[in-house]
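S.K.: Protein chains in written order, with this note's numbering: chain U, 423 to 940; chain L, 265 to 878. Here a beta-carbon is modelled for each residue, glycine too, at the ideal position from N, C-alpha and C.
(1) For the stretch 382-397 of chain L against the stretch 409-420 of chain L, do three or more pairs of beta-carbon atoms, one drawn from each stretch, fall closer than 8 Å, so that the two count as touching?
(2) The alpha helix (DSSP H) with residue 584 of chain U in it runs from where to where?
(3) So with CB distances below 7 Å, who are the chain U contacts of residue 405 of chain L?
(4) Taking a contact to mean a Cβ-Cβ separation below 8 Å, would you say residue 616 of chain U touches residue 776 of chain U in this structure?
(5) Indicate the three-state DSSP secondary structure (helix, strand or coil) for residue 644 of chain U in the structure shown.
(6) Nearest CA to the CA of residue 439 of chain L: which residue from L/501, L/462, L/479 and L/423?
(7) Do you know whose CA, among L/498, L/526 and L/504, lies nearest residue 554 of chain L's CA?
(8) Using a beta-carbon distance below 8 Å, is residue 440 of chain L in contact with chain U?
(9) Less than 7 Å between the CB of residue 869 of chain U and some heavy atom of the ligand SAM, yes or no?
(10) Going by DSSP, what residue range makes up the beta strand (DSSP E) through residue 380 of chain L?
(11) Beta-carbon separation of residue 379 of chain L and residue 295 of chain L under 8 Å?
(12) Thinking C-alpha only, which one of L/524, L/543, L/792 and L/606 is nearest residue 580 of chain L?
(13) Can you say whether residue 755 of chain L is buried or exposed, counting buried as having 16 or more other CB atoms within 10 angstroms of its CB?
(14) If we ignore side chains and look at the alpha-carbon of each, how far apart do residue 418 of chain L and residue 432 of chain L end up?
(15) If you follow the beta strand (DSSP E) that residue 511 of chain U is in, where does it begin and where does it stop?
(16) Which value, in whole angstroms, describes the spacing of the CA atoms of residue 870 of chain U and residue 349 of chain L?
(17) Touching or not, the stretch 524-539 of chain U and the stretch 499-512 of chain U, by the rule of three or more beta carbon pairs under 8 Å?
(18) Using the Cα positions of residue 314 of chain L and residue 355 of chain L, report the straight-line distance between them to the nearest angstrom.
(19) Which residues in chain L sit within 9 Å of residue 856 of chain U, going by Cβ to Cβ distance?
(20) For chain L, check one thing: does any of its Cβ atoms lie closer than 8 Å to the Cβ of residue 811 of chain U?
(21) Just the Cα atoms here: how many angstroms apart are residue 662 of chain L and residue 771 of chain L?
(22) With burial defined as no fewer than 16 other Cβ atoms inside 10 Å of the residue's Cβ, what is the status of residue 756 of chain U: buried or exposed?
(23) Counting only Cβ pairs nearer than 8 Å, list the residues of chain L close to residue 885 of chain U.
(24) Whose C-beta lies closer than 7 Å to the C-beta of residue 406 of chain U among residues of the same chain, with five residues either side of it excluded?
(25) Pick out the complete beta strand (DSSP E) segments inside the stretch 535-562 of chain L, 3 residues or longer, and give them in chain order.
(26) May I have the straight-line CA-CA distance separating residue 277 of chain L from residue 727 of chain L, to the nearest angstrom?
(27) Please state the DSSP three-state secondary structure of residue 837 of chain L.
(28) Of the residues that make up the stretch 593-611 of chain U, which ones have a beta carbon closer than 7 Å to any beta carbon in chain L?
(29) Mind listing the chain L neighbours of residue 680 of chain U? Cutoff is C-beta to C-beta under 8 Å, in chain order.
(30) If I follow the unbroken beta strand (DSSP E) through residue 610 of chain U, where does it start and stop?
(31) Counting only C-beta atoms, is residue 675 of chain U closer than 8 Å to chain L at any point?
(32) Can you pull out the residues from the stretch 774-793 of chain U whose beta carbon lies closer than 7 Å to at least one beta carbon of chain L?
(33) Quick one: which unbroken alpha helix (DSSP H) runs of 4-plus residues sit fully inside the stretch 425-504 of chain L? Chain order, please.
(34) With a 10 Å radius around its C-beta and 16 neighbouring C-beta atoms as the bar for buried, classify residue 645 of chain L as buried or exposed.
(35) Taking all protein chains shown into account, decide if residue 541 of chain L is buried (16 or more other Cβ within 10 angstroms of its Cβ) or exposed.
(36) Can you list, in chain order, the stretches of the alpha helix (DSSP H) that have 4 or more residues and sit fully within the stretch 739-783 of chain L?
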């Protein structure tokens with residue numbers, strides 16, 4: 423066995439070295455593929471490891487996700503905002519020419535922001551899983567595989583590739599929740615997977631329709647070609663809902679959201695972080711990148727109606743969160759509420775709304791990652807997630823309580839933390855779009871404040887529950903994980919300009935293609 | 265040099281917050297030193313800014329800005345705006361903050377989390393100073409929320425007890441409710457103007473871009489935020505509960521500075537409010553009602569801090585009233601004097617609480633001899649608050665009364681009645697706390713240490729002399745050309761009767777016991793209970809939250825679980841059942857399949873035949 427194991431690891435490392443060496447030798451860096459390959463290679467090496475190296479597994483996962491995160495930061499810094507913005511770091515290779523499938527990747531400002539989010543979350547997620555003991559190898563391998571899929575979706579410029587990566591990102595969830603989850607994990611895993619596959623089915627119908635109706639010869643899945651195709655208004659209005667709802671399921675669109683509370687509550691910590699933090703953003707990203715951009719007439723026709731549903735998302739999600747008894751369900755419903763703000767921003771098709779939506783995708787991803795990490799760490803110590811069982815934990819865990827406060831304040835849209843910037847821009851866009859919706863959406867933030875502060879008060883404040891008298895505070899790995907996440911919230915909340923400019927360079931392109939209000 | 269260097273004023277306390285949080289946290293006295301050093305420099309810079317304004321003139325605001333975020337259509341800045349209003353507020357905030365931070369060295373000396381305390385205080389000062397210096401709506405809102413969260417953190421400073429944890433949440437959610445109006449108003453005006461900037465929007469308002477009706481709507485929405493922050497009726501309920509925080513915090517945040525931010529906001533946006541008579545009317549009426557409403561409740565409170573809290577609400581009402589009748593300078597002057605004497609009163613109350621370990625006045629008594637410094641400074645503060653000449657409150661309150669009399673006699677009557685109540689309840693506090701015989705908690709009371717006495721004396725001096733700056737203040741705020749309204753001696757002589765009558769009544773009831781206050785309470789039992797229960801406003805809100813919001817929430821949670829998710833599970837069940845039933849078709853017997861094939865063919869043929877016949 424050992425021989426096989428070493429051979430595989432050697433092969434992967436050699437391939438990796440060859441790949442990077444080739445790029446260095448020819449001076450043609452494939453930045454996006456590099457970022458995508460790193461987690462995948464890490465996952466393969468981990469799979470080849472023997473079980474006895476469980477501790478090393480975690481270090482390998484961290485060793486591969488850290489450079490991925492750093493490269494994402496590098497991409498964001500290297501992205502040229504001035505001038506046209508547009509798509510950058512493009513890569514193109516022919517794959518199945520007969521069917522018009524190619525391997526083409528590129529990111530605009532929106533995609534780059536999502537790369538940054540994914541990079542941060544996967545590294546934090548690896549750190550947050552440090553306490554996993556059961557089948558460590560498989561856990562990390564699946565986690566990293568999923569991450570490669572996510573990177574792929576955010577960069578794909580070919581619909582077939584997009585779909586492929588999308589499924590790579592979504593399917594490992596079934597195993598991750600079903601095996602490493604808690605509570606009714608089989609039920610939740612099944613529900614989540616089937617629900618998301620239903621979404622995929624809708625998407626697939628839409629993708630194939632786009633493919634066959636494009637009228638170009640030869641037929642192609644290339645998204646840039648599709649962008650130039652003028653689909654007939656009737657076609658657009660017919661197929662827009664397929665794409666919107668297909669992606670909308672993953673974005674937690676009401677009333678198709680009920681997979682999310684069960685799924686997030688049952689999933690292990692890092693999986694909740696990735697799922698709520700990044701995967702739900704795939705849905706919103708798909709809505710922008712595929713549904714809205716490729717079918718602008720359909721978007722203009724349908725989005726005003728879908729906007730009403732997002733209002734339900736926001737207020738209903740917040741109200742339902744208020745009466746949850748399980749901490750993880752509170753966070754899960756808050757995600758439903760916050761994703762409503764993302765989709766509302768998209769629905770406005772305004773400059774402010776779209777910028778706010780993408781900023782919220784980033785901000786909520788980080789924030790919810792922070793929350794799920796905190797809940798996981800707390801659960802690891804208290805072995806309960808029922809709010810009524812806690813009380814006064816801040817006395818024993820001041821560090822965790824501080825981070826929870828930061829996350830909570832970001833979640834209720836406190837200025838100075840990134841959530842506010844996003845919500846504010848969405849409300850501005852929504853006001854131009856429809857003042858009534860904007861007012862109701864803004865009212866939702868009062869409920870958010872109420873339930874977030876209620877959780878803080880019940881769990882961390884008040885007299886210490888004597889049951890937890892000798893509980894310990896966060897350890898170093900956990901503090902590192904939380905610090906990275908909180909730093910993003912504070913940094914982009916205090917000075918949002920760099921991130922907004924990055925996102926805006928993408929939004930300008932979207933609005934130019936779709937034609938929306940200023 | 266100005267206003268660029270003023271960036272240091274908010275930046276230094278913020279830096280102190282960061283340094284305390286990351287570096288000096290384990291050394292509590294060092295943390296306190298860092299915070300006090302930062303605010304001291306900010307204080308000196310603020311004094312410099314004010315004297316600069318006094319010499320160089322304050323007609324045109326001096327502005328520097330930095331881009332905070334920018335998209336194709338949005339352009340938001342953060343910056344510094346130095347003009348009369350912000351210059352005065354800088355001095356008020358840094359003076360009181362410095363006094364409070366020095367005082368806290370004594371008051372909080374036994375607190376193990378002193379570092380956290382000074383970190384929060386520093387963050388508060390940074391946010392408050394950022395608010396004061398705001399150049400635009402967005403920055404105002406951002407800092408507005410930040411001071412709110414500092415207030416939340418400081419009210420809940422002793423988070424391991426139930427009451428502070430609850431009070432902190434209540435304060436935040438209540439003010440947040442008002443801030444919803446602020447946010448909507450802000451979005452309305454900034455979307456319409458295409459800018460967040462005060463200067464640009466002021467120019468557009470002056471140019472008559474919008475109708476008075478529309479501006480009135482915006483102004484009233486913005487005022488919702490001000491009413492929440494400045495604890496105006498009906499959003500006042502959080503401030504008395506906020507007294508659960510440490511007393512120096514009450515002095516700084518919940519008396520002198522943050523709660524005055526609402527008043528400051530209305531003054532800062534006076535160009536907007538004064539463009540709409542209806543909005544001004546709303547401000548005046550809410551202010552007038554708050555002034556009397558809170559003063560009445562203050563008459564019967566037993567907790568010394570709560571009396572002061574209701575008194576603060578009432579005085580904030582006076583400021584709003586002044587603004588509402590068009591007296592921007594008068595309202596701001598009352599803010600200015602009130603900051604000093606109310607901070608003094610809170611710190612005095614803190615000194616008493618420090619000595620007796622209780623908030624209940626009826627457990628104190630006879631402290632005059634034991635705590636002379638506290639007693640005499642407290643008396644000075646009380647006289648200022650009551651508006652007795654020549655203490656600071658006299659000048660500012662008299663200006664307000666004079667202004668209101670000319671505008672609205674009903675509001676004037678409310679204001680005079682409130683003034684009477686003010687003098688009465690402060691006399692009550694002094695009589696019960698300091699005079700008479702010592703009760704249970706006064707036994708071992710002793711005067712507070714010098715670090716607490718020095719701020720008391722400084723603030724007491726300010727409470728005596730601040731009023732004499734009246735004319736200069738009005739000139740500064742209204743610009744050089746406006747002639748400041750002098751003191752009307754005849755009017756002042758008449759209105760002086762009001763606080764004197766209140767003091768006399770207080771002395772009769774609580775020193776001479778004729779009539780006996782307890783007997784009066786029994787005689788007017790319904791009224792007494794109504795006041796004691798604070799007009800049942802808290803009960804009403806609790807009922808709304810319990811019966812409507814929480815039930816609505818529970819109902820929706822049930823709906824989500826059983827109807828929305830029920831439908832999902834229903835589909836799953838249906839699929840499963842269909843499969844289960846269809847399973848029986850799969851018998852594995854060739855005869856059945858053959859039957860099905862031929863049967864199907866027969867049916868199809870029959871259909872074809874029938875269809876063909878038509």
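M.R.: Let me lay it out:
(1) yes
(2) 581-592
(3) 837
(4) no
(5) strand
(6) L/501
(7) L/498
(8) yes
(9) Summarising the ligand content, the structure contains no ligands, and the ligand SAM is consequently not present.
(10) Careful: residue 380 of chain L lies outside any beta strand (DSSP E), inside the alpha helix (DSSP H) at 378-396.
(11) yes
(12) L/524
(13) exposed
(14) 8 Å
(15) 510-518
(16) 34 Å
(17) yes
(18) 7 Å
(19) Residues of chain L passing the Cβ test: none, with the nearest at roughly 12 Å.
(20) no
(21) 23 Å
(22) buried
(23) 424, 425 and 426
(24) Residue 406 of chain U is absent from the structure shown; chain U starts at 423 and stops at 940.
(25) none
(26) 26 Å
(27) helix
(28) none
(29) 824, 828, 829 and 832
(30) Per DSSP, residue 610 of chain U belongs to no beta strand (DSSP E); it is in the alpha helix (DSSP H), 607-635.
(31) no
(32) 774 and 777
(33) 426-457, 462-470 and 476-493
(34) buried
(35) exposed
(36) 753-774
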